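Participant: Residue numbers (this note's numbering), protein chains in the order written: chain A, 1 to 307; chain B, 308 to 569. Ideal Cβ positions, reconstructed from N, Cα and C, are used throughout, including at glycine. Fair warning: this is a prediction, and the values are worked out from it, not measured in the lab. Dropping the structure in here first, questions after.
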Amino acid sequence: MTFPMADVIVAQKLVKTFEEVHAVDGIDFTIVEGECFGFLGPNGAGKSTTMRMIQCVSPITSGKLTVLGMNVGERPREIKRLIGVAPQENNIDPDFSVHKNLVVYARYFGMDKEISTKKADDLLAFMQLTDKRDVLVEQLSGGMKRRLIIARALLNDPKILILDEPTTGLDPQARHLIWERIRELKKKGVTVVLTTHYMDEAEKLCDRLVIMDKGKIVAFGKPVDLIKERIGTDVVEIDEPTDDIEAFAKEKGWNYERTVDRLLIYSTCCEDLSETLRNKFNLPAIIIRKATLEDVFLRLTGRRLQE
Amino acid sequence: MSIISNISWMTTAAWKRNRDVFLLTWKTNFIPPFLEPILYLLAMGLGFGVLIKGGVQVHGVDVSYLQFLGPSLVAITIMYGAFFECTYGSFVRMHYQKTFDAMIATPLTIEDVIAAEMLWGATKSFINGTIVLLIIAIAGLASFPGLIFIPIIAFLAGLMFASMAMLFTALVPNLDSFNFPFYLLITPMFLFSGTFFPLNVLPSWVQDVAYTLPLTHCTDLVRDLCFNYFGTNDLISLGYVAVMTVILFVASIYLMKKRLIK
């Protein structure tokens with residue numbers, strides 16, 4: 001069944017409504033085999049709802065959603081057998097030790113105890129948790145719990161791994177370990193679907209991504225292309241700008257944005273641009289930096305808190 | 308009926324999860340069903356029972372108060388075993404531990420998970436009921452061959468109480484709300500289901516009400532088997548348990564699905 005670059009998840013006009021609220025409002029996307037595909041967006045954008053529909057735990061309201069060629073409404077058991085899920089919320093079983101958690105979870109896939117015992121040990125080694133094998137899960141740190149959740153998601157050798165905010169709240173060491181593991185899994189051909197709030201994470205890991213806002217997809221593509229198309233290569237940041245500077249930027253037809261305390265000018269030729277500005281105005285602080293995905297994200301979804 | 312067709316043998320995997328937790332803490336789990344009947348038999352038999360001089364009649368036969376009480380303790384244990392498990396136990400797993408969420412991300416369906424919870428509740432009734440049965444049998448309050456069938460009754464009636472409990476679990480907003488079914492339903496049943504006194508001493512309308520209660524039928528079945536008796540009334544009680552179980556079982560899964568699948 002595995003063709004090179006086959007479409008593994010396809011959504012067409014996918015809608016999810018909760019009591020009149022369109023949590024997901026008619027989105028289309030195609031995820032191909034072996035890629036790392038990201039869903040970015042502020043809280044409430046509909047990322048997790050989309051993940052839950054892919055996992056077959058939340059029924060779709062309308063549209064079409066297929067996973068590995070199967071319709072989510074028709075063959076949820078088969079789909080769930082082939083995917084691995086690391087949810088946003090830690091729901092590891094507090095009644096069991098680390099290793100027992102994995103063995104019990106493997107049983108939900110109908111795995112034999114002998115096989116799952118060995119598999120659990122392999123995965124604990126993979127996620128660097130071997131030392132904690134027989135510890136009760138409540139004694140684990142936040143980072144260890146996340147790693148255990150990812151280990152658990154890998155028990156059934158999934159074709160698709162769904163990671164819902166895998167590194168939220170973790171220290172840099174733990175984040176880097178998880179990133180290494182995700183890249184390693186990708187090399188083995190696992191398709192990774194990821195949601196995150198961290199733009200650096202998305203830039204580093206995702207081959208392609210969508211940015212969602214208020215239930216809709218507002219941007220789609222490769223991280224570098226998105227940055228190039230929407231922002232340019234660089235950003236000029238001016239601290240405490242005056243209205244004159246803004247008027248000047250407008251007059252010049254530059255692609256700019258004014259925030260509470262900054263003026264951001266997006267461009268591909270920032271050296272010339274800042275030179276022009278320096279000549280015209282008396283500016284103490286001009287910062288030129290590389291454009292990032294965060295610029296794209298904030299540009300598209302707005303700077304106000306979305307809660 | 309997709310509720311029934313969505314339950315597969317995989318439900319046993321979810322059941323085994325609860326069994327494994329139970330076995331991890333088995334020492335503490337076995338204390339209540341051992342101690343409670345002994346305490347009741349001592350207090351009620353030696354203390355309270357002494358006041359009842361003439362004994363009690365069961366199916367026209369005079370028996371001692373202790374003989375009357377013994378089977379009731381088994382029936383009460385059956386009720387409490389499943390009801391506690393599928394109210395507080397299930398709610399904690401569903402709401403605080405997110406165990407159900409973790410399970411339905413696997414090939415298990417929500418129907419598998421809820422069915423397993425109720426089957427586990429019935430299993431608790433079976434385990435606890437059988438332990439109490441053992442104690443009253445040692446005390447000479449149950450006889451062969453009738454008592455052999457009591458563990459089966461414990462499981463069946465246990466499934467009825469588990470399904471009833473799950474119905475409340477599907478509806479309550481928080482853990483404290485379980486006070487309502489416990490004080491409005493369980494405690495009245497505990498007292499008025501022919502457990503501590505025969506129902507025929509009550510006004511006839513109260514008797515009629517008592518016969519609508521699940522525990523009355525459970526108590527009758529257990530008591531009759533302890534006395535090696537099985538009559539038409541027991542067939543009716545078995546029918547009651549079967550019908551109630553089916554209705555409550557399906558309704559619980561339906562309401563749980565409504566609560567959890569969004």
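Which of the residues in the region 190-202 of chain A, read from start to end, lie with their CB under 7 Å from any CB of chain B?
Facilitator: From the region 190-202 of chain A, no residue has a Cβ closer than 7 Å to chain B.
Participant: Please list, in chain order, the chain A residues whose beta carbon lies closer than 9 Å to that of lysine 565 of chain B.
Facilitator: By one-based count along the second sequence, residue 565 of chain B stands at place 258. Per Cβ cutoff of 9 Å: no residues; lysine 565 of chain B is ~12 Å from chain A at best.
Participant: Pull up the distance between the alpha-carbon of serine 97 of chain A and that of arginine 566 of chain B, whole angstroms please.
Facilitator: As a first step, residue 97 of chain A must be located in the first sequence, where it is residue number 97. As a first step, residue 566 of chain B must be located in the second sequence, where it is residue number 259. For serine 97 of chain A and arginine 566 of chain B, the distance between alpha carbons rounds to 29 Å.
Participant: Extract the residue ranges of the beta strand (DSSP E) inside the region 213-274 of chain A, only unbroken runs of 3 or more that lie entirely within it.
Facilitator: Listed in chain order, the complete beta strand (DSSP E) runs (minimum 3 residues) inside the region 213-274 of chain A are 216-221, 234-239, 255-258, 262-267.
Participant: Using DSSP with H/G/I as helix, E/B as strand and the rest coil, what is threonine 394 of chain B?
Facilitator: Your numbering for residue 394 of chain B matches position 87 in the second sequence. Residue state, collapsed to three classes: helix.
Participant: Which stretch, first to last residue, makes up the alpha helix (DSSP H) that contains isoleucine 421 of chain B?
Facilitator: As a position in the second sequence, residue 421 of chain B is number 114, starting the count at 1. Segment 417-445, the alpha helix (DSSP H) holding isoleucine 421 of chain B.
Participant: Measure the alpha-carbon distance for threonine 552 of chain B versus phenylalanine 468 of chain B and round it to whole angstroms.
Facilitator: Counting from 1 along the second sequence, the entry for residue 552 of chain B is found at position 245. Counting from 1 along the second sequence, the entry for residue 468 of chain B is found at position 161. Near 8 Å, if we compare the C-alpha coordinates of phenylalanine 468 of chain B and threonine 552 of chain B.
Participant: Starting from glutamine 514 of chain B, follow the alpha helix (DSSP H) in both directions and report where the run begins and ends.
Facilitator: For the purposes of this step, residue 514 of chain B is identified with residue 207 of the second sequence, where counting begins at 1. 511-517 is the span of the alpha helix (DSSP H), which, as asked, contains glutamine 514 of chain B.
Participant: At what residue ranges does the region 56-117 of chain A contain a whole run of the beta strand (DSSP E), taking only runs of 3 or more?
Facilitator: Listed in chain order, the complete beta strand (DSSP E) runs (minimum 3 residues) inside the region 56-117 of chain A are 62-67, 83-86.
Participant: Count the other CB atoms within 10 Å of the CB of threonine 2 of chain A; is the residue buried (16 or more) or exposed (fewer)?
Facilitator: Within the first sequence, residue 2 of chain A is the residue found at index 2, counting from 1. Bear in mind that the predicted position of threonine 2 of chain A carries a pLDDT of just 46, short of 50, making it unreliable; the figure below should be weighed with that in mind. Label assigned to threonine 2 of chain A: exposed.
Participant: Taking the alpha carbon of asparagine 279 of chain A as the point to measure from, which residue in A/Asn255, A/Arg262, A/Ile245 has its own alpha carbon closest?
Facilitator: The residue you call residue 279 of chain A lines up with position 279 of the first sequence. Checked all of A/Asn255, A/Arg262, A/Ile245; the closest Cα to asparagine 279 of chain A is A/Ile245.
Participant: Going along chain A in order, which residues have a C-beta closer than 7 Å to the C-beta of isoleucine 411 of chain B?
Facilitator: If you number the second sequence from 1, residue 411 of chain B lands on position 104. Per Cβ cutoff of 7 Å: Val57.
Participant: Could you check what DSSP says for alanine 389 of chain B in three-state terms: helix, strand or coil?
Facilitator: Here residue 389 of chain B is taken as the residue at index 82 of the second sequence, counted from 1. Here alanine 389 of chain B sits in helix by DSSP.
Participant: Run through chain A and tell me which residues come within less than 9 Å of arginine 326 of chain B, C-beta to C-beta.
Facilitator: Position 19 of the second sequence, counted from the first residue, corresponds to residue 326 of chain B. Neighbours of arginine 326 of chain B on chain A: none; closest Cβ ~10 Å, over 9 Å.
Participant: How about asparagine 91 of chain A: is its C-beta nearer than 7 Å to some C-beta of chain B?
Facilitator: The count along the first sequence starts at 1 and reaches residue 91 of chain A at position 91. Asparagine 91 of chain A counts as touching chain B.
Participant: Does lysine 431 of chain B have its Cβ less than 7 Å from a Cβ in chain A?
Facilitator: Against the second sequence, residue 431 of chain B aligns to sequence position 124. False, the Cβ-Cβ gap to chain A never drops below 7 Å.
Participant: Which residue comes first and which comes last in the beta strand (DSSP E) that contains histidine 197 of chain A?
Facilitator: Here the question's residue 197 of chain A lines up with position 197 in the first sequence. Unbroken run through histidine 197 of chain A: none, as it is neither H nor E.
Participant: Extract the residue ranges of the beta strand (DSSP E) inside the region 129-184 of chain A, only unbroken runs of 3 or more that lie entirely within it.
Facilitator: With a minimum length of 3 residues, the continuous beta strand (DSSP E) runs that stay inside the region 129-184 of chain A are 160-164.
Participant: So, is the C-beta of valine 103 of chain A closer than 7 Å to a C-beta in chain B?
Facilitator: On the first sequence, residue 103 of chain A is found 103 positions in, with the first residue counted as 1. Not an interface residue.
Participant: Note down the Cα distance separating tryptophan 427 of chain B from isoleucine 149 of chain A, rounded to an integer number of angstroms.
Facilitator: As a working note, residue 427 of chain B is residue 120 in the second sequence. As a working note, residue 149 of chain A is residue 149 in the first sequence. Their Cα atoms are separated by approximately 26 Å.
Participant: Buried or exposed for cysteine 269 of chain A, please, with buried defined as at least 16 other CB atoms from any protein chain shown within 10 angstroms of its CB.
Facilitator: Position 269 of the first sequence, counted from the start, is the residue given in the question as residue 269 of chain A. Burial call: exposed.
Participant: Give me the chain B residues within the contact set of valine 85 of chain A, using Cβ-Cβ distance strictly less than 8 Å, ordered along the chain.
Facilitator: Here residue 85 of chain A corresponds to residue number 85 of the first sequence, with the count starting at 1. Correct list: Ala412.
Participant: What are the boundary residues of the alpha helix (DSSP H) that glycine 533 of chain B is part of?
Facilitator: By 1-based counting over the second sequence, the position of residue 533 of chain B is 226. Here residue 533 of chain B is cysteine; the residue named in the question, glycine, does not match the sequence. It spans 521-533 - the alpha helix (DSSP H) in which cysteine 533 of chain B sits, taken as one unbroken run.
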